[in-house]
Amino acid sequence: MAFLPRPPTPPQFQLVFDNVTKRYGDHTVVDGLSFTVEPGRVTGFLGPNGSGKSTTMKMLLDLASADHGKTTIGGRRYRDLPDPAGTVGVVLEPNAFHPGRSGRNHLRILAQAVGQPTERVDETLAEVGLSPEAARRRVGTYSLGMKQRLSLAGALLVDPPVLVLDEPANGLDPQGIRELRDLLRGRAARGHTVLVSSHLLAEVQHLVDDIVVIDEGRLMTTGPIASLTQSAAVVRTPDAQRLSDHLIAAGADVESAASEALVVTGFDLDQIGEAAHSIGVVLHELSSQTDSLEELFLALTAHPPAQSPKESVLS
Amino acid sequence: MISTNLLRSELRKVATTNMPLAFLAVLVVLAVTNGVAVAIGTDMDGSKTFISTGFDQQSLVAFAANALMIAGLFGAIAAAREYANNTVIATYLNTPNRPRALGAQFTAIGVGGAVLGLVGSALTIGAVALSLPLTDYGFMVSAGGVVQVIAASAWAGAAGAVLGAGIGTIVRNTGGAVAGTVLALIIAPPLIVQLASGSAPWIPGTLAVVASGIADHTSDIAAVAALGAWAIVPAIAAVWSVQRRDVV
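Protein chains in written order, with my numbering: chain A, 63 to 377; chain B, 27 to 274.
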């Protein structure tokens, strides 16, 4: 029997933020932040404006130094990676272009620095949907969406196993957003690591597997989006009272929503289904009641409204 | 060590904007002005003594001091605009080794400055040579003199560009970088000479004149080396500052 060689496993890179702190003068922008970003998943990095997302990404990429803690990519600092530009594709600033240079020349400069052939530039431009005519134009004439596509092209030049993208969907039209979503999901499916920050929460909800929420530089929550946004289970059964008693005895919180409906918290759907089966109760519905990501985000990052000076005087 | 790919990438950066064309236009204007001056200009006494000997003509076409200043501004703007346009982010993402990235950038900008110096001196020599038939004098600069003027201009252009790039990298602001370069090349040297009169042969303008073969305050070799030192000091300071600061 002949043994076929196994296809090589693509390298996988976990991103680790270990107790990272960054201060600008007296202002602490990132405060003891710790979380990990797993390969094979798309991780959404969320937080209000000025919460420290971009600074955190810059520390990961060695563009800014941490005052405390460390960040690693596959166990190494960015600068210690054998091929940093070939490992991590980055979209960081929306306007990181010389306005007088053509889009194609911008990419050729990046490609030349990392030893990629000119043909790869044209391939990447096609991948992100920038026409040859558009690529010949000066970047200063581009719309925000075209600039985002060009940024993305720069990040994809080398087909890197890690993508770090700061607000990549800004300015993209619906088709562009869909293409971006397909691209990132495809990357994650290939075992790549994808960290993406965005303000478009509805879009993020459809895109990401995990989320990291920060506010004022501190971690608010992190985990799979499915579990973080599942708040309760809805059960419909003709034997609601018996199932309710059984679940309460097992430790769940149960509320009666209607004559045949229960709202259960503290148990996941599998546990509820097994509990019903164990006492022979027929279920007509078993579904999760989920909060939107927006509700979760606002709950985690809500601040009491600041009292205005006028209100202070009046009070 | 700077890789060939990185250096080619930085050279493409320099070559793919309109800035070199703008500086080229300045060189053309200066050359035409020189040509017109030769054709219709006179000394105070109405004579054309200023083009009457080979030495006078070599003095007229000696472009190194101009190259130093023009390329200094070129380097300052090129380096500072990397920060203004945030293109420096891609530079340091591709090459996290900051001294290496800066080395490639300064080399490319220095090459750009050398080309400006070379083209500027060639245009000036050409304009003067074309205008001389309109006068009673022929072109009297020796072949060796022409080569020395062009070589000195190219070297001064390279040195000025690296000096400007160093200042631009430290200041990170286009206006500030231009002001800093003017300060370093025009305003500060006379003040330095006032403070220490022995330094007069070593200020950039004098060194450029010596390197062009029209003065002998120092040896040509010493002038060339000293011009290089004027460029290297801000470049080293730039590397030092970039290693200690966040990129953005």
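Just so it is clear, CB atoms sit at the ideal spot from N, CA and C, and this is done for glycine as well.
A quick note: this is a predicted structure, and the numbers were derived from the prediction, not measured.
Is the Cβ-Cβ distance between residue i and residue j less than 8 Å?
i: A/Leu-345; j: A/Ala-337; result: no
i: B/Arg-38; j: A/Ile-239; result: no
i: B/Thr-121; j: B/Ala-127; result: yes
i: B/Ala-93; j: B/Gly-186; result: yes
i: B/Ser-157; j: B/Ser-179; result: no
i: A/Thr-105; j: A/Leu-257; result: yes
i: A/Val-82; j: A/Leu-95; result: yes
i: B/Gly-129; j: B/Ile-28; result: yes
i: A/Val-190; j: A/Leu-214; result: yes
i: A/Leu-175; j: B/Leu-32; result: The residue asked about is misnamed: residue 175 of chain A is Ala in this sequence, not Leu. Yes, the pair counts as a contact, with Cβ atoms nearer than the cut-off.
i: A/Val-297; j: A/Leu-348; result: yes
i: A/Leu-219; j: A/Ala-173; result: yes
i: A/Ala-126; j: B/Asp-272; result: yes
i: B/Val-167; j: B/Gln-84; result: yes
i: B/Pro-125; j: B/Val-40; result: no
i: A/Val-150; j: A/Val-99; result: no
i: B/Lys-74; j: B/Thr-150; result: no
i: A/Arg-211; j: A/Leu-192; result: yes
i: B/Val-197; j: B/Gly-206; result: yes
i: A/Asp-277; j: A/Pro-110; result: yes
Taking its Cβ as the centre, do 16 or more other Cβ atoms sit within 10 Å of residue i, making it buried, or is it exposed?
i: A/Lys-120; result: buried
i: A/Asn-167; result: buried
i: B/Pro-159; result: exposed
i: A/Leu-324; result: buried
i: A/Glu-357; result: exposed
i: A/Ser-374; result: At A/Ser-374, the pLDDT of 42 sits below 50, so the modelled position is not reliable; the number obtained from the coordinates is stated separately. A/Ser-374 comes out exposed.
i: A/Ser-113; result: buried
i: B/Leu-53; result: buried
i: A/Ser-116; result: buried
i: A/Lys-132; result: exposed
i: B/Ile-275; result: For chain B, the structure presents residues 27 to 274; residue 275 of chain B sits outside this window and is missing.
i: A/Ser-321; result: exposed
i: B/Met-95; result: buried
i: A/Pro-144; result: exposed
i: B/Trp-256; result: buried
i: B/Ala-259; result: The sequence as given places Val at residue 259 of chain B; Ala does not occur at that position. With fewer than 16 Cβ atoms within 10 Å of its Cβ, B/Val-259 is classed as exposed.
i: A/Pro-194; result: exposed
i: A/Gly-279; result: buried
i: A/His-268; result: exposed
i: A/Ala-147; result: buried
i: B/Val-55; result: exposed
i: B/Ile-77; result: buried
i: A/Pro-371; result: Residue placement at A/Pro-371 is flagged as unreliable, the pLDDT there being 46, under the threshold of 50; a coordinate-derived value is accordingly withheld.
i: B/Gly-239; result: buried
Quick one: residues in its chain with C-beta nearer than 6 Å to the C-beta of residue i, no 5 flanking neighbours on either side, listed in chain order?
i: A/Leu-305; result: Thr-299, Ala-338, Val-343
i: A/Ser-328; result: Reading the sequence as shown, one finds Gly at residue 328 of chain A and not Ser. Answer for A/Gly-328: Ala-314, Asp-315, listed in chain order.
i: A/Asp-272; result: Arg-103, Thr-105, Pro-286
i: A/Val-425; result: In the structure displayed, chain A extends from 63 to 377; residue 425 of chain A sits before or after that span and is not available.
i: B/Ala-184; result: Gly-136, Gly-139, Ala-140
i: A/Ala-295; result: Val-326, Leu-331, Ile-334, Ser-350
i: B/Ala-261; result: Phe-132, Val-188, Gly-192
i: A/Ala-319; result: Val-325
Please list, in chain order, all residues of the same chain as residue i whose beta carbon is under 7 Å from its beta carbon, the five residues on each side excluded.
i: B/Ser-35; result: none
i: A/Glu-265; result: Ala-231, Ile-239
i: A/Ser-377; result: Model confidence at A/Ser-377 stands at a pLDDT of 36, short of 50, so the residue's coordinates are unreliable and nothing is read from them.
i: A/His-308; result: Ala-337, Ile-341
i: A/Thr-134; result: Val-78
i: A/Arg-182; result: Ala-173, Leu-219
Beta-carbon within less than 8 Å of residue i's beta-carbon, same chain only, minus the 5 sequence neighbours each way: which residues are those?
i: A/Ala-196; result: Gly-165, Tyr-204, Met-208
i: B/Thr-42; result: none
i: A/Phe-359; result: Leu-108, Leu-263, Val-275
i: A/Arg-85; result: Val-91, Asp-129
i: A/Leu-290; result: Ile-273, Thr-283, Leu-358
i: B/Leu-142; result: Pro-46, Phe-49, Leu-50, Leu-53, Ala-93, Ile-96, Ala-97, Phe-100, Gly-183, Ala-187
i: B/Ala-155; result: Phe-165
Is residue i close to the ligand NAD? I mean its beta-carbon at under 7 Å from any heavy atom of the ligand.
i: B/Val-259; result: You won't find the ligand NAD in this model; it holds no ligand whatsoever.
Any beta carbon of chain E sitting closer than 8 Å to that of residue i?
i: A/Arg-170; result: Protein chains A and B are contained in the structure displayed, whereas chain E is not.
What residue ranges within the segment 96–184 of chain B form continuous alpha helix (DSSP H) runs of no fewer than 4 residues, ordered along the chain?
-> Scanning the segment 96–184 of chain B for uninterrupted alpha helix (DSSP H) segments of 4 residues or longer gives 113–120, 124–157, listed from N- to C-terminal end.
So, do the segment 222–229 of chain B and the segment 90–108 of chain B have three or more beta carbon pairs nearer to each other than 8 Å?
-> Contact fails: fewer than three Cβ-Cβ distances are below 8 Å.
Indicate whether the contact test is met: 3 or more Cβ pairs, each with one atom in the segment 195–207 of chain B and one in the segment 52–72 of chain B, closer than 8 Å.
-> Cβ pair count under 8 Å is below three, so no.
Given 8 Å, three or more beta-carbon pairs between the segment 153–160 of chain A and the segment 133–140 of chain A = Short answer: they don't touch.
Is there contact here, the segment 40–52 of chain B with the segment 135–151 of chain B, by at least three beta-carbon pairs under 8 Å?
-> Short answer: they touch.
Go through the segment 73–124 of chain A residue by residue and report every complete run of the beta strand (DSSP E) that reaches 3 residues or more, in order.
-> For the segment 73–124 of chain A, whole beta strand (DSSP E) runs of length 3 or above, ordered along the chain, are 77–86, 89–99, 104–108.
Contact between the segment 100–108 of chain B and the segment 231–245 of chain B: three or more CB pairs below 8 Å?
-> No, because fewer than three Cβ pairs between the segment 100–108 of chain B and the segment 231–245 of chain B fall closer than 8 Å, the two stretches do not touch.
Quick one: complete beta strand (DSSP E) runs, 3+ long, within the segment 252–277 of chain A?
-> Along the length of the segment 252–277 of chain A, whole beta strand (DSSP E) runs at least 3 residues long occupy 255–259, 272–277, reported in chain order.
Fully enclosed by the segment 128–170 of chain A, which alpha helix (DSSP H) runs are 4 residues long or longer?
-> Runs found: 146–149.
Alpha helix (DSSP H) runs contained entirely in the segment 185–244 of chain B, provided each spans 4 or more residues = The qualifying runs are 200–208, 214–221, 230–237.
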